[in-house]
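Asks: If you scroll down you'll find the structure; I have some questions about it.
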Amino acid sequence: MSCIGSERSISSRLGFSSRRQAIEMDDYDPQNSIGQLSPTLGELLKLVGDSSRKEGDQTPVHHQVIEMGSNNTTITTNLEARSLPFVLSFTNLTYSVKVRRKMEFSTCFRRKNRLGAVDETVDVQSLNSKVLLNNISGQARDGEIMAVLGASGSGKSTLIDALANRIAKGSLKGSVKLNGEPLESRLLKVISAYVMQDDLLYPMLTVEETLMFSAEFRLPRSLSKSKKKARVQALIDQLGLRNAAKTVIGDEGHRGVSGGERRRVSIGIDIIHDPIILFLDEPTSGLDSTSAFMVVKVLQRIAQSGSIVIMSIHQPSYRIIGLLDRLIFLSRGQTVYSGTPANIPGYFAEFGHPIPENENRTEFALDLIRELEVSPGGTKSLVEFHKSWMNLKSSRKSEFDRTGLSLKDAISASISRGKLVSGATNNNSSSTMATFANPMWKEIVVLSKRSIMNSWRLPELFGVRLGAVMVTGFILATMFWKLDNSPRGIQERIGFFAFAMSTTYYTCADALPVFLQERFIFMRETAYNAYRRSSYCISRSITAYSHTSFSSVDSSLTEIEFQITGFGFISFH
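For the sequence shown, the UniProt record's numbering gives the first residue as 1, with consecutive numbering after it.
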């Protein structure tokens, strides 16, 4: 990282006055990570925002521009050394699904085929179990990044979903605990965030607006507007998006931010409340090496602020490996390696496949795993070697448990440091923890504002809707022009009303593609209680009504115009 626009450090810009502590981001050592953590957003907000600005103060706030480069940069903080309180452990996770399999077997019940011959076999559809995860165990700690690696179909995304409680409990066996206590589903939704592989964003909103709307959803109503803005600005700096803050997201028809910046925005909208646990499904997928490195660099900064970061990744580069703390290699749902990147050479050397010099450790390991998968014996030998290697390692050295805090005390300590600002309190029992950060009416207002702002910046879409109504009105007016008072005219008036009623249906059909575009955003945001599902339905009805009401006014003006010109196609005498 390199700090642009000022020679002063971040701590001096924010007014840190206590003992300063240096953090070498590129030389991060997980063994010495205690006391070398970046401040959380909550701690930054104690020095900026409402507490440091008087009412009516219009002095512009200066923000630190952070470039996500690869150079080492010293970031100073005033944090005192503290023990890291959170350990997420998972033991013997097993997950299987039922798949249909077509089998042929001989039977005494023979039948004739189309040619008259007797079939000796009968096709039967049977249900067989396919194991996607097989006794997966491990640990993830705050301040560290744990990455799950493997080939396509190895179970990376399935393991992330299992840890994030996105798999039905009835079909998942094993245990997931935080600080030795089982994680309840309601509690996990409050203290965690899940970033999907696809970037699902509103295209016509800027980066700053996108994060601000996320703050409106996830931060409690009790937090002032200025505090929310300060948190968004701090997050923009943390994500390295200062230069793109005023740029729209963009889509196929509108130029916007780059792919790496889109991915960082997707991460930002889910960590606006500074969660304890962050799950990511292949955050570097589809990015070039530089953008992928910048994304993982941001994740390292998030982890060092006191979060547990768990991600799946397909094939990381050499630079990205230097940012990861723990690795789990999977092959067909089984663990073939778990440990630090530094232990990979010794592990495979003991297995009988030493890694050549000047070769990427992870690429060598993944290539070896693929070769074993297509071999007659498969990866069974590597799986058994991993089990014996882990048993030997645990017998040599018992891993020091550095938690020392119960889950309730650890969450209370994190809240006091500024985490979990989405409505959580120090009384963090899952029964008393707020499910949603805001009341229903607040959600409806914010959702409606976001939808109207996004659609208003698409004048071509609005013009198409308006033109369709005007053309339809013109066609109806010309078809039923100058109707007389005869019985035939009365019948034609009935036909006019039938046509007019049918047009209301296809003019409202444009709401369907809008929902198809927004459904994945809706699913992502409601999965972790950003807002209520009913709030979205009501807000969509409000915004759709505003569009159709304007179209109705235009249609009425068209009819009035034809009345004035003497067409009079709807008057009865």
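Glycine is no exception: its CB is placed at the ideal position from the N, C-alpha and C atoms.
For clarity, every value in this text was computed on a predicted model and none was experimentally measured.
So, helix, strand or coil for PRO341, using DSSP?
Replies: What you label residue 341 is simply residue 341 of the sequence shown in a count that begins at 1. Of the three classes helix, strand and coil, the one that applies to PRO341 here is helix, per DSSP.
Asks: In whole angstroms, what separates the C-alpha of ALA437 from that of THR478?
Replies: Here residue 437 refers to the residue found at position 437 of the sequence shown. Here residue 478 refers to the residue found at position 478 of the sequence shown. Roughly 55 Å separates the two Cα atoms.
Asks: Along the chain, where does the alpha helix (DSSP H) containing LYS227 start, and where does it finish?
Replies: As a working mapping, residue 227 is identified with position 227 in the sequence shown. Segment 225-239, the alpha helix (DSSP H) holding LYS227.
Asks: What does the alpha-carbon distance come out to for the pair SER338 and ALA244?
Replies: Position 338 of the sequence shown, counting from 1, holds the residue named residue 338. Position 244 of the sequence shown, counting from 1, holds the residue named residue 244. SER338 and ALA244: Cα-Cα distance of roughly 38 Å.
Asks: I need the DSSP call for ARG100, collapsed to helix, strand or coil.
Replies: Start at 1 with the first residue of the sequence shown, and residue 100 comes out as number 100. Residue state, collapsed to three classes: strand.
Asks: Within the same chain, show all residues whose beta-carbon is closer than 7 Å to that of SER448, passing over the 5 residues directly before and after it, in chain order.
Replies: What you label residue 448 is simply residue 448 of the sequence shown in a count that begins at 1. The residues are SER539, ILE542, THR543.
Asks: Can you check DSSP and say which residues form a bridge with ASN128?
Replies: For the purposes of this step, residue 128 is taken as residue 128 along the sequence shown, with counting starting at 1. Beta-bridge pairing links ASN128 to VAL99.
Asks: On a Cα-Cα basis, can you pick out the residue from LEU392, HIS353, PHE496, SER89 that is closest to LEU368?
Replies: What you label residue 368 is simply residue 368 of the sequence shown in a count that begins at 1. The shortest Cα separation from LEU368 among LEU392, HIS353, PHE496, SER89 belongs to HIS353.
Asks: Determine the contact status of ASN529 and LYS169, defining contact as a CB-CB distance below 8 Å.
Replies: Within the sequence shown, the letter at position 529 stands for residue 529. Within the sequence shown, the letter at position 169 stands for residue 169. No, Cβ-Cβ distance for ASN529 and LYS169 is not below 8 Å.
Asks: What whole-angstrom Cβ distance do VAL300 and LEU327 have, given they're in contact under 8 Å?
Replies: Mapped onto the sequence shown, residue 300 falls at position 300. Mapped onto the sequence shown, residue 327 falls at position 327. Reading the sequence as shown, one finds Gln at residue 300 and not Val. Not quite, the Cβ-Cβ distance comes to about 14 Å (not below 8 Å), so this is no contact.
Asks: Going by Cα to Cα distance, which pick from ASN128, GLU181, VAL265, ARG264 is closest to ILE411?
Replies: As a working note, residue 411 is residue 411 in the sequence shown. Per the Cα distances, GLU181.
Asks: Grab me the residues of SER171's own chain with a C-beta within less than 8 Å of its C-beta, minus the 5 sequence neighbours each way, in chain order.
Replies: For the purposes of this step, residue 171 is taken as the residue at position 171 of the sequence shown. TYR95, SER96, VAL97.
Asks: With H, G and I counted as helix, E and B as strand and the rest as coil, what does DSSP make of ALA193?
Replies: Along the sequence shown, read from residue 1 onward, the residue named residue 193 stands at position 193. Correct three-state label for ALA193: strand.
Asks: Under a three-way DSSP split, which group does PRO182 fall into?
Replies: Numbered from its first residue, the sequence shown carries residue 182 at position 182. Note: PRO182 maps to strand in three-state DSSP.
Asks: Give the secondary structure of PHE293 by DSSP, where H, G and I count as helix, E and B as strand, and everything else as coil.
Replies: Your numbering for residue 293 matches position 293 in the sequence shown. It is helical.
Asks: Using DSSP bridges, identify the partner residues of SER89.
Replies: Here the question's residue 89 lines up with position 89 in the sequence shown. In the DSSP output, where bridge partners are listed per residue, SER89 has GLN139, LYS177.
Asks: Should VAL295 and LEU201 be called a contact, given that it needs their Cβ atoms to be closer than 8 Å?
Replies: Indexing the sequence shown from 1 puts residue 295 at position 295. Indexing the sequence shown from 1 puts residue 201 at position 201. Contact flag unset, no.
Asks: If you measure between the beta carbons of ILE236 and ARG242, is that distance less than 8 Å?
Replies: Stepping through the sequence shown from its first residue, residue 236 is reached at position 236. Stepping through the sequence shown from its first residue, residue 242 is reached at position 242. Against a cut-off of 8 Å, the Cβ pair of ARG242 and ILE236 comes out as a contact.
Asks: Counting Cβ pairs closer than 8 Å, one from the region 369-380 and one from the region 340-347, do we hit at least three?
Replies: The answer is no - the region 340-347 does not touch the region 369-380, with fewer than three Cβ pairs under 8 Å.
Asks: Out of curiosity, what's the CA-to-CA distance linking residue 577 and PHE217?
Replies: Any question about residue 577 goes unanswered here, given that the chain covers just 1 to 573.
Asks: Alpha carbon to alpha carbon, how far is ARG519 from ARG262?
Replies: Residue 519 sits at position 519 when you count from the first residue of the sequence shown. Residue 262 sits at position 262 when you count from the first residue of the sequence shown. Looking at the two C-alpha atoms, the distance is approximately 19 Å.
Asks: If we ignore side chains and look at the alpha-carbon of each, how far apart do LEU45 and PRO220 end up?
Replies: For the purposes of this step, residue 45 is taken as the residue at position 45 of the sequence shown. For the purposes of this step, residue 220 is taken as the residue at position 220 of the sequence shown. In this prediction, LEU45 has a pLDDT of 43, which is less than 50 and means its spatial position is unreliable; what the coordinates show is noted afterwards. Rounded to whole angstroms, LEU45 to PRO220 spans 15 Å at the Cα level.
Asks: Can you name the start and end residues of the beta strand (DSSP E) that ARG255 belongs to?
Replies: By 1-based counting over the sequence shown, the position of residue 255 is 255. Neither: ARG255 is in no beta strand (DSSP E) and is coded neither H nor E.
Asks: If you follow the beta strand (DSSP E) that ASP281 is part of, which residue opens it and which one closes it?
Replies: Here the question's residue 281 lines up with position 281 in the sequence shown. Per DSSP, ASP281 belongs to the beta strand (DSSP E) from 277-281.
Asks: If you check the beta carbons only, do SER226 and GLY259 fall under 8 Å apart?
Replies: Along the sequence shown, read from residue 1 onward, the residue named residue 226 stands at position 226. Along the sequence shown, read from residue 1 onward, the residue named residue 259 stands at position 259. Not a contact, by the Cβ cut-off of 8 Å.
Asks: Just to confirm before moving on: does the CB-CB distance between ILE308 and PHE86 stay below 8 Å?
Replies: Reading the sequence shown from its first residue, position 308 is the one you call residue 308. Reading the sequence shown from its first residue, position 86 is the one you call residue 86. Cβ distance < 8 Å, so ILE308 and PHE86 count as in contact.
Asks: Of the choices SER129, LEU93, PHE348, LEU211, whose alpha-carbon is the least far from that of VAL99?
Replies: Residue mapping note: residue 99 aligns to position 99 of the sequence shown, counting from 1. Answer by Cα proximity: SER129.
Asks: Does any heavy atom of the ligand COA sit closer than 7 Å to the C-beta of GLY286?
Replies: This structure lacks the ligand COA; in fact it carries no ligand of any kind.
Asks: Determine the DSSP secondary structure at PHE329, reduced to helix, strand or coil.
Replies: Start at 1 with the first residue of the sequence shown, and residue 329 comes out as number 329. PHE329 falls in the strand class under three-state DSSP.
Asks: Taking Cβ to Cβ, would you say GLN304 is nearer than 8 Å to GLY467?
Replies: Working through the sequence shown from its first residue, we reach residue 304 at position 304. Working through the sequence shown from its first residue, we reach residue 467 at position 467. Not a contact, by the Cβ cut-off of 8 Å.
Asks: Looking at the structure shown, is ALA527 part of a helix, part of a strand, or coil, going by DSSP?
Replies: By 1-based counting over the sequence shown, the position of residue 527 is 527. DSSP places ALA527 in helix when its eight states are reduced to three.
Asks: What residues in its chain sit with their C-beta under 8 Å from that of ILE444, if we drop five residues either side in the sequence?
Replies: Here the question's residue 444 lines up with position 444 in the sequence shown. Around ILE444: SER535, ILE538, SER539, ILE542.
Asks: Which of the three DSSP states is assigned to ARG488 in this structure?
Replies: Sequence index remark: in the sequence shown, residue 488 carries index 488 (1-based). Correct three-state label for ARG488: helix.
Asks: Tell me, to the nearest whole angstrom, how far the beta carbon of LEU133 is from that of ALA193; I am working on the premise that it is less than 8 Å.
Replies: Looking up residue 133 in the sequence shown gives position 133. Looking up residue 193 in the sequence shown gives position 193. LEU133 to ALA193, Cβ: 22 Å. No contact.
Asks: Could you check the C-alpha separation between ILE271 and ARG493 for me, to the nearest Å?
Replies: As a position in the sequence shown, residue 271 is number 271, starting the count at 1. As a position in the sequence shown, residue 493 is number 493, starting the count at 1. ILE271 and ARG493: Cα-Cα distance of roughly 59 Å.
Asks: Could you tell me whether the Cβ atoms of PRO275 and ILE145 are closer together than 8 Å?
Replies: If you number the sequence shown from 1, residue 275 lands on position 275. If you number the sequence shown from 1, residue 145 lands on position 145. No, the pair does not count as a contact, with Cβ atoms beyond the cut-off.
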